[in-house]
Structure formats: C-alpha cells, structure tokens
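Sequence order for the protein chains is W and H.
Per the numbering used here, the first sequence starts with residue 1, numbered consecutively.
Per the numbering used here, the second sequence starts with residue 1001, numbered consecutively.
Every residue gets a Cβ at the ideal spot worked out from N, C-alpha and C, and that includes glycine.
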Amino acid sequence: MSRMGMCVWVMLALVLAGSAGRASGSGFLANGPLPPVPVPADNPQTDAKIRLGRALYFEPRLSADNTISCATCHNPKTGWANITPTDTGIGKQVGDRNSGTIVNSAYMQFQFWDGRAGSLEEQALGPIHNPIEMGETLDNVVRKLNAIPGYRDMFQDVFGTDATTDGIAKAIAAFERTIVSGPSPYSRYLAGDREAMSPAAVRGQALFNGKGHCSACHSGPLFSDQGFHNLGVGMQVASPNPGRQKVTNKPGDLGRYKTPTLLNVAVTAPFLHDGSEKTLLDVMMFYNRGGVPNPNLDPQMLPLALTKKEMQDLVAFMEALTGTYPVMEAPPLPPDSPASAETGKGGAL
Amino acid sequence: MTRTRMLLMMGIVAMSGAMLPQSGEAIPAFARKYGYNCTMCHSSFPRLNDYGERYRQNAYQLPGRENEEKTVLEGPPPFAVRLSGGYTSYSAQNSPDIQEQEEFLMNGVDVLSSGLLAPNIGYFVTLLPQIDESRGVEAQDGTLESGNVMFSNLGSPWLNVRVGRMEPASSAFSVKRKLSITPYEVYSFGAPGVATLADTQDGIEATGHGRGLAYAVGYLNGSENNRADDAPQDVYARASVVLGAGEGQTAGQRLGVIGYLGQTRPGTDEADGTGDRQDLSRVGFDASLNAMHSNLALQYLVGEDDQLLWGTTEDVEFSGGFAELSVMPCTWIVGFGRFDWVDTPSDIDQDITRWTGGARYYFVDNLALHVEYSHRRQHQPDAPVATEDFAAARLDLAF
C-alpha cells in the first residue's frame, strides 16, 4: 500500500473512532433516558395546585351524572389506563378509543390518540364535555365546583380566584405532570447494570432496534416519535374512523394515530387505539403481519418475518420497560356541603 | 490442506466467535445515524430486507419520514468500512487460471460513504483502495466502484433519478449485496470481456414504485469494452410486481421482467475492445419468492451477442439463470444453496454449471463468519471440461 494510502486509512480510522465514541453516547441511542418533565411557564408546579389537581382527577362530580372521573378510565390501579378495549362513559355509553396511560403524558407533544390537544391543559377539559365520556358542560362544572366550599377554598388558595375552566385545566395538568415513571430494568441496564435485563430482554432490545423495526417509530426516551401513523387498525371497514385526519383535514392523515409511549406498556393492556389486541404478543403478531393493508398504510409497515421466539423476546424487552410509577387511592374529596361532610358523605370514589 | 485440517480451522474460528456476545449493536454508517441495528435494513448483511430496499429506493431516507431526516452534515460522519479475510481454497483443472491456491487471505476492503445531502437528495460512494498483492493479501485495483447521486420523489415516488456510477436495476438480484462470494454466472456471461449485468455502470437511471408495482429504465455507458470516448448506447427497462405486502426481499412475492439492449466492441486483452461496436441483448424474468423465513430467488435470462463479438459465423444465443434458496431462521444465521447454469450453442460450447452452498453465522449484526463451497464446470471447445472447486471460511466485517 502506498504512503498516501496509509495516510488515508489512518485518517479514516480516526474519523471512525471519533464517530464510534459519539455513537456510544445517548445522543445517538434510539432510546435514551428520560429528561426532566417539561413544565409550561404559565403553569408552574406548586404543591397546592397538584393537590387540587389530584382531587379533581378523582372527582366524579365533573361528570353530568356524578359517576365518571378521570380516574375511572385512567385508573392508577391498572397502570393509569383502562383494562377494557374502549371507554365506557356516562349512561354506559361506549366510546371508540382505548384509554391510554397518563403515565409520562407530560412528555407528549400531543394528547389524545388523534393529537387534537396540544397540551395537558387542553386535554384535561376534553373528556369533561365529551358527550360520551363525562357529558358535562364546562360552565356547569365550574358552577358545581364553586358550590362546594372545599373546592372554592382550594381554587382561591392556588389561583386567587373561584373555580374557572382555566384553573381546572391547569390543576389537572399539574397533577398529571407528577405521574411519571421511575427506574426500570431497561433504564438500569442503560446505566450500566448488565444484569438488570434478562437475556431474553437483551435479545429483544436488539430486535427492537433491528429486525422488529420498532424503534423506527418508538424512538427517543419516551419510546415514541410523537408522530402519527396508519397501521391499518380499524381500516378494514367501509367508513373507518378518520383518526388524525379529523384534526388536520389532510387526506394523508386518514387512519393515522399517535405513536404511544412504550414505557410501562406491559401494565396497560389492551393495546392499540381501539384496544383490539389483548396482549403484547398479540401486538407482535399484528406487526409481524405488516398491519392491515389499506391505501394509506404507513410505508414503514412491512411483514417482519419474526419467529415466535423473537416475538417473545420483544415482549420480554417491553416488559423490561416497566418502571416504578405512583400508585394511589382517591384522596378525600371536598363534601358537597358541611352537612354531608359531618355524615361522611363526600364525593370520594 | 486436508479436509481434517480445514474442518479443524473452521471449528476454531467458529468457537472463538461463539465466545463473543450475541447481541451487540452494529453501527455502520446508516445504523450509526439512526441508532439502529444492521438488521433494521439487512435480513442478513449485506443482503437488504424489505425495509432496507425501501430505504434505498427513497434516496437513503426512512420511508415516510422524509421531512424529519438529517443531512450528512447534521449527524455522525457518514463513513463505513467493509473488509473480509480468511482461508481460501481454490483448485482448478483443465483451466488456464490459477491451478491451486490455499492460503489465508485478506480478500477485500471497501470504503463506503452514503447519506443525505438535502431532502430527497442522497448519495452513495464505494471506494476500493489500491492494494498490492503480497503473501496473504489479495491484490485489489483501486477504483471508485460506485459514486452516484439520487434525486428521489420528484413529484411522487413514481419518479426517482439516480446519476453516476451505480449498480443498475437491470440486475434483479444485487451482485454487490448477494450472500455468496461466487458470482451469478448468467450475469457475468457474455462475449469475451463483456460482463453486462455483473458490475457497476455509469449512466442515469429512473425508477418508480407504488402499490406493489415498480419500474426502472436506464441509459448507460455499457461494457468496459467500449472506449472512453464512445457515446452511451446501452438502455434497459425493468418492471416488477410484488404480490402481497413487502418488496419481495423477505416478504411478498416479486415477479419481474428485464430487457437490455447494448453495444460493445469485440474484446481483447486490453481494457478497451477493438473494431466497430456490435449489438448485444438480454431478456429475462425473475422471481423472488418468500415463505417460512426462506427466500427462493429465480433468474432466467436469454442473451444474444453479435457474431463479431465472439468471432463466430452466427450470432450467439445463450440462456441461463440461477435458482438460489436461502433460509434465515433467525437473525444470526443464514444458509444458502444455489444452482447456476448457462447453455450455449455448440459453436462456442461454453456450457456452465455451478453448485454453491454456504452459510453465514453472525457473531454480531456486522461481523459474520462466512463459509462457502462451490463447484463449477465449464465446457471448452476442443478441450476437456474445466472444473473449479472453491472453498472459503472468512470473516466479513463492516463498521
């Protein structure tokens, strides 16, 4: 080899060595650790606001018939999600979407499966006036809360005003920003504990970032690209649910739904936006088939040729994404009136 | 080398590899950019899977993510190196080529650079550095094997243009990304010095795809027997359809047809041919069938070369093809077996048959132990049949 050739090789080796070093940092990992929770400047976190938000989260009186609270469908005991495929609201009305977990929703750029809310504050009010879910008007909710002395005092303490829709939204959002996941086997593995994940999970991680194509969309610390994709779920009917298209009116958004986080996914069955897959293995089989063919199918959806063992390894990896998360009971809720408080008849669930 | 020694050597290599971790993260150029493993795009490196094929067709942008891509200036350096080396055994009988060869060899080094220059503008460069032959090192001519720019999604996925030196889509199965070391005989066959479908070419190619259909048309310099100042004369067109989801690489059943028309000069021992340019053509069909973690690749070609290219009294018509079965039960091993054949008319009598079998064991995504055996027979006019036996056990590395 000529001297010139040797020089080229040495320079190339240096460049590659440098790039390899960069690649080992979290900047180039498909899924690194979670950053601090982002908090909007106009809604800073305070203990009093979080307490108020927690009460409102568990408050069934936000619904028209005083039976449904946020926690009804986003239940802390079931991973802050719902164990039924889709929601059941007031009057036993059944919706068409699965209740996703609120754990780590603070990191999501868009809320709801179709991303129609751009913030937790915007999201918090949505279910209240959704006719199928809580079926209450915002004006009436404000009226009801201001009729409850305990709430009125809490709102005065936090916002210096009586209850308002803005205050309700901000308080619930502040509470939801505290519902984040803690260390998981995966995060410990990422930090250097090579025993933290099982061999199956380690194999699953390699598949997740390779043959399984999962990290093409489930990327970043949240295991979500925060984008919208058409997997074909529900597209086999004549008039499918428009999904993201209902928000943007773009034909290309037909049948697209938000990429959900996979952190703690193992405790939030059933899966997909309509809850149509009962187990994670079912979801793997769905992806292995390449989704459901339709004209707007995401071009990243392809049959994967995964073996059953590989799918089980992927499930093991996703189970390793289960971190600690807050589990709590409903707090004592302000009674309707002093009289009801004396008799212990509050609004607790 | 005796069979015992060879098996012992292969066993030692395999055992040493087995001690390596099974789940490393390969990070060559593209994988490094995204933080993905090689198996995102390769069913068994270097062979592409369906996702990798879509990525390639999309000018090295993730399918459907064109607006989110970073250019080569915004990510890690877009360089990668592929090298291979190991034990090679070759013996030939009744052949003018090397009769006997048994040694540990450094077989080849490729330097690759690829990425996105701007939205929907990608490039791909493969540089082969000059390596002089020495004991244990196989000579390599320094050359720019490929260097092209691709403009994708020109209005729609139905129009993408690649310009420069490229592996044209006239070869339904990539010669550069095939599993075996030994060549696809029918792509290499032709008048002396004319390997029309077996190598990269300079030119311009338009491709398009959608709804399972794809086309490619190209205008190329053609055979190396053309002179440097010859105007391009070669054109080709290819169409394919994929039945079912996928691109026919690891999913879906792909069927294709190809037509190639070109001109070249009769070959000599020199790089360029001499005399006037003469016609050649290739017509064929191909299929890539997938089921149960297996792929069956079928290629059939009919070729016709002008008589002046062969020095015969009539134009030479030949046919041939190959059938290759590869089995990929998981990400760390692939086995393959192939039969190649070429039938030629009696006046040139150069019929070829080749049987090839092999496997690749992946210690990690980007490091494979490659074992292969191939037996080749070629008729020779007025001479005994020439036979070749090729065996290799090599490490194939990309980083």
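Can you name, in chain order, every residue of its own chain whose Cβ lies under 6 Å from the Cβ of residue i, other than the five neighbours on each side?
i                      : result
residue 328 (chain W)  : 76
residue 1337 (chain H) : 1325, 1357
residue 204 (chain W)  : 313, 314, 316, 317
residue 1347 (chain H) : 1312
residue 1319 (chain H) : 1302, 1343
residue 1283 (chain H) : 1259, 1302
residue 1215 (chain H) : 1208, 1239
residue 1024 (chain H) : With a pLDDT of 35 at residue 1024 (chain H), under the threshold of 50, the modelled position of this residue cannot be trusted; read the value that follows with caution. 1364.
residue 1387 (chain H) : 1093, 1377
By DSSP, does residue i sit in helix, in strand, or in coil?
i                      : result
residue 1226 (chain H) : coil
residue 1341 (chain H) : strand
residue 1333 (chain H) : strand
residue 1316 (chain H) : strand
residue 1185 (chain H) : helix
residue 218 (chain W)  : coil
residue 1384 (chain H) : strand
residue 197 (chain W)  : coil
residue 78 (chain W)   : helix
residue 1036 (chain H) : coil
residue 129 (chain W)  : helix
residue 154 (chain W)  : helix
residue 285 (chain W)  : helix
residue 107 (chain W)  : helix
residue 91 (chain W)   : helix
residue 1210 (chain H) : strand
residue 312 (chain W)  : helix
residue 245 (chain W)  : helix
residue 1179 (chain H) : coil
residue 1355 (chain H) : strand
residue 1204 (chain H) : strand
residue 1055 (chain H) : helix
residue 318 (chain W)  : helix
residue 1114 (chain H) : strand
residue 334 (chain W)  : coil
residue 63 (chain W)   : coil
residue 1218 (chain H) : strand
residue 1398 (chain H) : strand
residue 304 (chain W)  : coil
residue 41 (chain W)   : coil
What does DSSP give as the partner residues of residue i in its beta bridges?
i                      : result
residue 1295 (chain H) : H:1290, H:1326
residue 134 (chain W)  : The partner list for residue 134 (chain W) (beta bridge, DSSP) is empty, contrary to what the question assumes.
residue 258 (chain W)  : W:228
residue 999 (chain H)  : No answer is possible for residue 999 (chain H): the residues shown for chain H start at 1001 and end at 1399.
residue 271 (chain W)  : W:277
residue 1421 (chain H) : Chain H is shown only over 1001 to 1399; residue 1421 (chain H) falls outside these bounds and no answer can be derived.
residue 1301 (chain H) : H:1284, H:1320
residue 166 (chain W)  : DSSP, once it has assigned bridges, lists no residue as partnering residue 166 (chain W).
residue 1109 (chain H) : H:1083
residue 1360 (chain H) : H:1334, H:1370
Given residue i, which residues of its chain have a CB within under 8 Å of its CB, disregarding the five upstream and five downstream residues?
i                      : result
residue 1140 (chain H) : 1108, 1109, 1128, 1129, 1130, 1131
residue 1385 (chain H) : 1094, 1377, 1378, 1379
residue 96 (chain W)   : 86, 241, 274
residue 119 (chain W)  : 40, 111, 173
residue 1221 (chain H) : 1201, 1202, 1203, 1230, 1232, 1234
Go through its chain and collect everything with a Cβ distance to residue i's Cβ below 7 Å, but skip five positions before and after it.
i                      : result
residue 31 (chain W)   : 215, 219, 220, 221, 223
residue 1146 (chain H) : 1124, 1125, 1126, 1165, 1166, 1167, 1200
residue 142 (chain W)  : 163, 164, 165
residue 1399 (chain H) : 1028, 1080, 1081, 1366
residue 1400 (chain H) : No statement about residue 1400 (chain H) is possible, as the shown extent of chain H runs from 1001 to 1399 and does not include it.
residue 1026 (chain H) : Its pLDDT being 36, under 50, residue 1026 (chain H) is placed unreliably by the model, and nothing is read from it.
residue 187 (chain W)  : 33, 323
Entirely enclosed alpha helix (DSSP H) segments - the stretch 1119 to 1163 of chain H, minimum 4 residues: none
The stretch 1177 to 1190 of chain H touching the stretch 1372 to 1384 of chain H, judged by at least three CB pairs closer than 8 Å: yes
Touch test, the stretch 251 to 260 of chain W against the stretch 281 to 300 of chain W, Cβ-Cβ under 8 Å, three pairs minimum: yes
Inter-stretch contact (C-beta, 8 Å, three-pair minimum) for the stretch 1182 to 1193 of chain H and the stretch 1230 to 1245 of chain H: Two segments are said to touch when three or more pairs of C-beta atoms, one from each, lie closer than 8 Å; by this definition the stretch 1182 to 1193 of chain H does not touch the stretch 1230 to 1245 of chain H.
Sequence ranges, beta strand (DSSP E) only - wholly within the stretch 1229 to 1290 of chain H, length at least 3: 1234 to 1243, 1253 to 1264
The stretch 1280 to 1297 of chain H contacting the stretch 1328 to 1335 of chain H, beta-carbon criterion three pairs below 8 Å: The stretch 1280 to 1297 of chain H, when compared against the stretch 1328 to 1335 of chain H, does touch it at the 8 Å Cβ threshold.
Near-chain A residues of the stretch 114 to 144 of chain W (beta-carbon distance less than 7 Å), N- to C-terminal order: Considering every chain present, this structure includes no chain A. Its protein chains are W and H.
Inter-stretch contact at 8 Å, needing at least 3 Cβ pairs: the stretch 1039 to 1050 of chain H / the stretch 1239 to 1256 of chain H: Flag = yes, the stretch 1039 to 1050 of chain H and the stretch 1239 to 1256 of chain H touch.
Touching by the beta-carbon criterion (3+ pairs, under 8 Å), the stretch 205 to 213 of chain W and the stretch 153 to 162 of chain W: no
Validate contact between the stretch 227 to 238 of chain W and the stretch 1070 to 1080 of chain H using beta carbons, cut 8 Å, 3 pairs: no
Validate contact between the stretch 257 to 267 of chain W and the stretch 90 to 108 of chain W using beta carbons, cut 8 Å, 3 pairs: yes
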